[in-house]
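Report on the following structure.
Number of protein chains: 4
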Amino acid sequence: MNITLAKAEKAIAAAKQKAVAIDTKMNIAIVDGGANLVAFVRMDGAWLGSLDISIKKAKTARFFDMNTGIVGSLSQPGGSLYNIEHSNNGLITFPGGIPIKNAQGEIIGAIGVSGSSVENDHTVAEAGASTF
Amino acid sequence: MNITLAKAEKAIAAAKQKAVAIDTKMNIAIVDGGANLVAFVRMDGAWLGSLDISIKKAKTARFFDMNTGIVGSLSQPGGSLYNIEHSNNGLITFPGGIPIKNAQGEIIGAIGVSGSSVENDHTVAEAGASTF
Amino acid sequence: MNITLAKAEKAIAAAKQKAVAIDTKMNIAIVDGGANLVAFVRMDGAWLGSLDISIKKAKTARFFDMNTGIVGSLSQPGGSLYNIEHSNNGLITFPGGIPIKNAQGEIIGAIGVSGSSVENDHTVAEAGASTF
Amino acid sequence: MNITLAKAEKAIAAAKQKAVAIDTKMNIAIVDGGANLVAFVRMDGAWLGSLDISIKKAKTARFFDMNTGIVGSLSQPGGSLYNIEHSNNGLITFPGGIPIKNAQGEIIGAIGVSGSSVENDHTVAEAGASTF
């Protein structure tokens, strides 16, 4: 099972709506089960550096099938996964990446959002992921 | 002047419509005036390797403000731009990338399309670019 | 549908057997439907530089769902896909990469082989792909 | 002296058996004395992001001829090897990588394992390394 473009676009639309509702400008990326990009949008005026971060968040969430912030809680100095960010051509391990599951609970992709505080990034990613 | 996300999405919608009309499955990328990605979609079943190619075509078209195929005609063995593809982390110089201009004729971004023959790629890119 | 490790190992075993039969030493790589590595072996004494080539051949075959040599026939100077090798962090477009299909004809991965002449590479890849 | 493919495959088989015994899904990589990949397997359902990590763990263990976790204990903030992970195209310095020695105690390669807790990764790597 893999995410379809139609569903990815629905998730992006929901995420964009939430971004507007909380007055933020976001980069939003969706990857499929193979961690390859399916769809991406950068809202007008969103941070340029967040382009790559949103894609890396989506990939990171699919690489380890968990929210990116969980990886980050383990990659701190002294943590069991310290500096895991050096793998896979660069991970982003703070919040804003969430795996996407189908109705059967199977992971079919992931969403990554970047452009504001990590709390806001996570909120917008959640809005996108919850359309499934 | 820079392309807006709303216009990029309009261009992608037009390109997708053309892709369906000619029975192809495309990767479609739009970059802004800074050659940075604004929007991207991969149609279901489109070649995975064309993901990167569509983005590189869009960037190449904006890097040199011309259709990618024109760059390619100059980068052949013996040509004046031989192996220019080694620059900028990799160019793609066959057809499918087209600069996008506003009503005043100013370049505000570019579209890159990949997933079929280069003729079809160019046709779909043209459908997207002509929405401006 | 994605290739399983058990099937990938069966394909590698068949490819190794063929490599021995024709007196060659090969690098053999299998990727899944997402073009991510599933299994790899380097036979004793095989060219070290063929390690990366075998993986890139497998990825290239999955990226475009065709034998790598077909891509190469289109990427020659003057060809429609000239210098496509600059995409996707480097393609290898001479023979030795073949898509792998399941019984229903769906592509579930690819095999890449490198270590001898491209004819021999293709023969060994074929031995692996034909186990499906 | 260098590890042979036959011995690498024996080590991978032992590591896989241990991975199954402790109910984990692992990526397992073996490199030779030159830190170049000899064999690799990704068990069905193993984390995709652990593919690269397992290879980097094996390379790191051979680069410095010690368990990866020892490098990690020196690369913490304030440590003598702080941020050594930036070298060699990315190291992984938490447990799961172990040098492989022959009967004479000479290092002939290394194994890297990733896919579960670092304790489990190390346990599975140990199962592979102890076949020598």
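Chains as they are written, first to last, in my numbering: chain L, 1 to 132; chain C, 1001 to 1132; chain W, 2001 to 2132; chain U, 3001 to 3132. Quick reminder that beta carbons are idealized off the backbone N, C-alpha and C, glycines included.
Fully enclosed alpha helix (DSSP H) runs of no fewer than 4 residues occupy 3068 to 3074 of the region 3059 to 3126 of chain U, in order along the chain. In this structure alanine 1019/C is in contact with lysine 1025/C, their Cβ atoms being roughly 7 Å apart against a cut-off of 8 Å.
At a cut-off of 8 Å between beta carbons, asparagine 36/L contacts chain W. The beta carbon of arginine 42/L lies closer than 7 Å to those of Asn27, Leu51 in the same chain, with the five residues before and after it left out.
Within the same chain, Ala3029, Val3031, Ile3055 come within 7 Å of leucine 3037/U by CB-CB distance, once the 5 residues on both sides are set aside. By the Cβ-count criterion, leucine 2048/W is exposed, with fewer than 16 other Cβ atoms from all chains shown falling within 10 Å of its own Cβ. Pairwise C-beta distances place the region 1058 to 1078 of chain C out of contact with the region 2056 to 2075 of chain W, as fewer than three of them are shorter than 8 Å.
Residue pairing from DSSP places alanine 39/L in a beta bridge opposite Ile30/L, Val1041/C. Assignment of serine 54/L by DSSP, reduced to helix, strand and coil, places it in the helix class. For aspartate 23/L, no Cβ of chain C is located within less than 8 Å of the residue's own Cβ. The contact set of serine 3075/U on chain L, defined by CB atoms closer than 9 Å, consists of Tyr82, Asn83 in chain order. Residues of the same chain with a CB within less than 8 Å of the CB of aspartate 1044/C, apart from the 5 flanking positions on each side, are Lys1025 in chain order. When the Cα atoms are used, leucine 2005/W and valine 3124/U turn out to be separated by approximately 18 Å. Under the three-state reduction of DSSP, isoleucine 1022/C is assigned to coil, being neither helix nor strand.
Contact note: glycine 33/L reaches chain W through Gly2034, using a C-beta cutoff of 7 Å and chain order. In its chain, beyond the 5 residues on either side, Leu2081, Tyr2082, Asn2083, Ile2084, Glu2085, Thr2093 have a beta carbon closer than 7 Å to the beta carbon of serine 2075/W. For isoleucine 2012/W, the three-state secondary structure derived from DSSP is helix. Residue-level contact check: arginine 42/L touches chain C, since one or more beta carbons of chain C fall below 8 Å from its beta carbon. Within chain L, no C-beta atom comes less than 9 Å from the C-beta of phenylalanine 3064/U; the nearest is roughly 15 Å away. In the three-state DSSP reduction, alanine 3129/U falls in the helix class (H, G or I). With 16 or more other CB atoms across the displayed protein chains lying within 10 angstroms of its CB, aspartate 3121/U is buried.
Pairing asparagine 2089/W with phenylalanine 2063/W gives a Cβ-Cβ distance that is not under 8 Å.
Under the Cβ criterion of 8 Å, valine 3020/U is not counted among the residues facing chain L. When the five nearest sequence neighbours on each side are left out, no beta carbon in the same chain lies closer than 8 Å to the beta carbon of proline 3077/U.
Contact between alanine 1127/C and alanine 1014/C holds: their C-beta atoms lie close to 5 Å from each other, under 8 Å. Under the 8 Å criterion on CB atoms, histidine 2086/W is classed as interfacial with respect to chain C. Taking the Cβ atoms as the reference, glycine 1034/C lies roughly 11 Å from isoleucine 1107/C, outside the contact range of under 8 Å.
Residue state for leucine 1005/C is assigned as helix, using DSSP reduced to three classes. With fewer than 16 other CB atoms across the displayed protein chains lying within 10 angstroms of its CB, alanine 2103/W is exposed. Using a Cβ-Cβ cut-off of 8 Å, alanine 2039/W counts as an interface residue toward chain U, since at least one Cβ of chain U sits closer than that to its own. Within chain U, no residue has its beta carbon less than 7 Å from that of threonine 2068/W; the closest one is some 20 Å off.
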